[in-house]
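Per my numbering, the sequence shown runs over residues 242 to 660.
In this text, a Cβ means the ideal position worked out from N, Cα and C, and glycines have one as well.
Here's the structure we're looking at; comments come further down.
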Amino acid sequence: MLVAAISIALSACSSSSKSGGGSTASTGATSTSSSSTSSSSGKATGSTITVGSIGTFSGPLASSDAGFEDTLKAWVAYTNANGGLNGHPVKLLIKDDAGNPTTGLAAARDLIQNEHVIAIVSDTSSVDTAWETVPAQAGVPVVGGSAIDLPFLTNSDFYASGTNTFAAVWGVEALGKQSGPKQSVLYCVEAPACAASIPVYKAFAKPLGMSIPYTQSISAAAADYTAVCQAIKQSGAQSYVMVDAAAIVGRVADACLQQGVTAKVVEASSAVEPSLLTSKGTDGLLSAAVDFPFIDNSNAATKEFHTVLAKYGPSGLEKNFGPGLNVPWVAMQLFGAAVKAGGSGPVTSDSIKAGLYTMKGETLGGLAPPLTFVKGQANLQNCYFVLGISKGAFTSPDGLKTSCAPDALVEASVKAIKS
């Protein structure tokens, strides 16, 4: 339950409401530009590569995944319009599990047993523990997605494209330490699992030379947060984190600003959404980002992200859903890189895994923290980026530079949840 709790915390405790569902197929359109994962511009003529994706795009557990489906489809359309992967067009089947374990299990079985996908790419399912054994038993790799989830910590058949849960918590605290050694933690009352993240924050505070002087549950239904804000002031905390939805983060931050709280807000990037740009209380916010800061436009890889979403995505995609769109994009880029690294022969589950095992410190052009995959081992990515908010706009204070949690600490934490 501990990792599940932290995962809920880092994925914003389910706030956004979205429509969606079922399974969709995407095969592409036309373009004149070239992709870093494509073989050449022009029509892909090889045999079709069929892959699947499972996400929680609707239902009560949907959180910050809005826009993910559109990002996946944009990547496929662009890739197919520019020669595919090693000349192979990509067919992507998207499944929405609506946060239901039974639905997620059925989706995984359908993709592997009936659709015969060779990989599941961009796992953003909140219930992937219910179906993680299905691809493992079939030898089908799960490539990229929401690496804060438990399977990415413990299952060697899941290949993370971003920062893991424990490293993200470390990042949140390390960013808080920039303001001072005391950090308060507020957590959602609606999901009891949110409270279970508190012991991890306290445990990680010690090696950072920090303390957690005040923790408190908060309710989305509360009409007033005065008492909580006053307690933050009295605790002497220089920063505070909210294990809650982005909408609540904004409300509490604004209330605390009115109460004279000077402590800075720090968050995991999955709890950061465009709605926070209008909150005065979140000015100066820093967040630990699992993949590159989505606003970055400093090199070819990040420019490609913006160009493709602008051309192939619906109008306003980045403006409305920006901070989390890098997660499915980086997952697909990792998949594309694995196909290329797997050689010029038939593209299979085994060739994809072989391609992944060639990667040592791979950043996909700056899009991901350094990725290294070792056969038979869980793939822990312990470095993170920084995304911020300043004067009503997103910022990337460190650009594409990453900071890292101690490997030994993360490994010990993972070992503890296995025991």
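Proximal residues to L628 (C-beta, below 7 Å), its chain only, five neighbours per side dropped: Here residue 628 is taken as the residue at index 387 of the sequence shown, counted from 1. S510, V513, S528, A530, P534, P564, F635 and S637, listed in sequence order.
Tell me which residues share the same chain as L346 and place their Cβ nearer than 6 Å to its Cβ, disregarding the 5 neighbours each side in the sequence. Start at 1 with the first residue of the sequence shown, and residue 346 comes out as number 105. Residues of the same chain with a CB within less than 6 Å of the CB of L346, apart from the 5 flanking positions on each side, are A371 and W372 in chain order.
Leaving out the 5 sequence neighbours to the left and right, which residues in its chain are closer than 7 Å to A472 when beta-carbon positions are compared? To locate residue 472, count along the sequence shown from 1; it is residue 231. Counting only Cβ-Cβ distances below 7 Å, and skipping sequence neighbours, we find Y455 and Q457.
Inter-stretch contact at 8 Å, needing at least 3 Cβ pairs: the stretch 534 to 547 / the stretch 612 to 632: yes
Residues in the same chain with beta-carbon distance under 6 Å from Y481, minus the five sequence neighbours each way, listed in chain order, please. Here residue 481 corresponds to residue number 240 of the sequence shown, with the count starting at 1. Around Y481: S425, I473 and A504.
Which partner residues of D398 appear in the DSSP bridge assignment? Stepping through the sequence shown from its first residue, residue 398 is reached at position 157. Beta-bridge partners assigned by DSSP to D398: none are found.
As assigned by DSSP and simplified to three states, the class of Q457: As a first step, residue 457 is located in the sequence shown; it is residue number 216 there, counting from the start. Here Q457 sits in strand by DSSP.
Beta-carbon separation (whole angstroms), I459 vs D485, contact threshold 8 Å: As a working mapping, residue 459 is identified with position 218 in the sequence shown. As a working mapping, residue 485 is identified with position 244 in the sequence shown. About 7 Å; that satisfies the 8 Å criterion.
Chain-order list of residues whose beta-carbon lies under 8 Å from that of K659 (same chain, five-residue window excluded): Locating residue 659 in the sequence shown gives position 418, where the first residue counts as 1. Hits under 8 Å: T395.
Which residues in the same chain have their Cβ closer than 8 Å to the Cβ of A446, if we skip the five residues on either side of it in sequence? Locating residue 446 in the sequence shown gives position 205, counting from the first residue. Here the set comprises E414, Q424, S452 and I453.
Flag this pair as touching only if the stretch 548 to 557 and the stretch 435 to 444 have three or more C-beta atom pairs under 8 Å; answer yes or no. no
Own chain, CB closer than 6 Å to P569, minus 5 neighbours either side, in chain order: Position 328 of the sequence shown, counted from the start, is the residue given in the question as residue 569. Closer than 6 Å at the Cβ level, and outside the excluded window around P569, lie F309, T312, L313 and S363.
If you draw a straight line from the alpha carbon of D639 to that of A379, how long is it in whole angstroms? Stepping through the sequence shown from its first residue, residue 639 is reached at position 398. Stepping through the sequence shown from its first residue, residue 379 is reached at position 138. Taking the straight line from one Cα to the other gives about 41 Å.
Closest Cα partner of G412 within the set A646, V655 and I489: The residue given as residue 412 occupies position 171 in the sequence shown. When only C-alpha atoms are compared, the closest one is A646.
Quick one: Cα of A408 to Cα of I335, how far? Numbered from its first residue, the sequence shown carries residue 408 at position 167. Numbered from its first residue, the sequence shown carries residue 335 at position 94. Taking the straight line from one Cα to the other gives about 29 Å.
Is the CB-CB distance between L575 and S402 below 7 Å? Within the sequence shown, numbered from 1, the residue matching residue 575 stands at position 334. Within the sequence shown, numbered from 1, the residue matching residue 402 stands at position 161. Against a cut-off of 7 Å, the Cβ pair of S402 and L575 comes out as a contact.
Pick from S420, I361 and V506: whose alpha carbon is nearest that of D524? Residue numbering aside, residue 524 sits at position 283 when the sequence shown is read from its first letter. Checked all of S420, I361 and V506; the closest Cα to D524 is V506.
Put S276 into one of helix, strand or coil per three-state DSSP. Taking the first residue of the sequence shown as position 1, residue 276 is located at position 35. Since pLDDT at S276 reaches only 41, below the 50 mark, its modelled position is unreliable, and no value is offered.
Between V571 and L605, which are expected to be in contact by the criterion C-beta below 8 Å, what is the C-beta distance as a whole number of angstroms? Residue 571 sits at position 330 when you count from the first residue of the sequence shown. Residue 605 sits at position 364 when you count from the first residue of the sequence shown. Right, their Cβ atoms sit about 7 Å apart.
Just to confirm, is the Cβ distance from V502 to C470 under 7 Å? Counted from its first residue, the sequence shown places residue 502 at position 261. Counted from its first residue, the sequence shown places residue 470 at position 229. Going by C-beta atoms, V502 is nearer than 7 Å to C470.
Count the other C-beta atoms from every protein chain shown that fall within 10 angstroms of the C-beta of A468, then say buried if there are 16 or more, exposed otherwise. Position 227 of the sequence shown, counted from the first residue, corresponds to residue 468. It is exposed - the Cβ of A468 has fewer than 16 other Cβ atoms within 10 Å.
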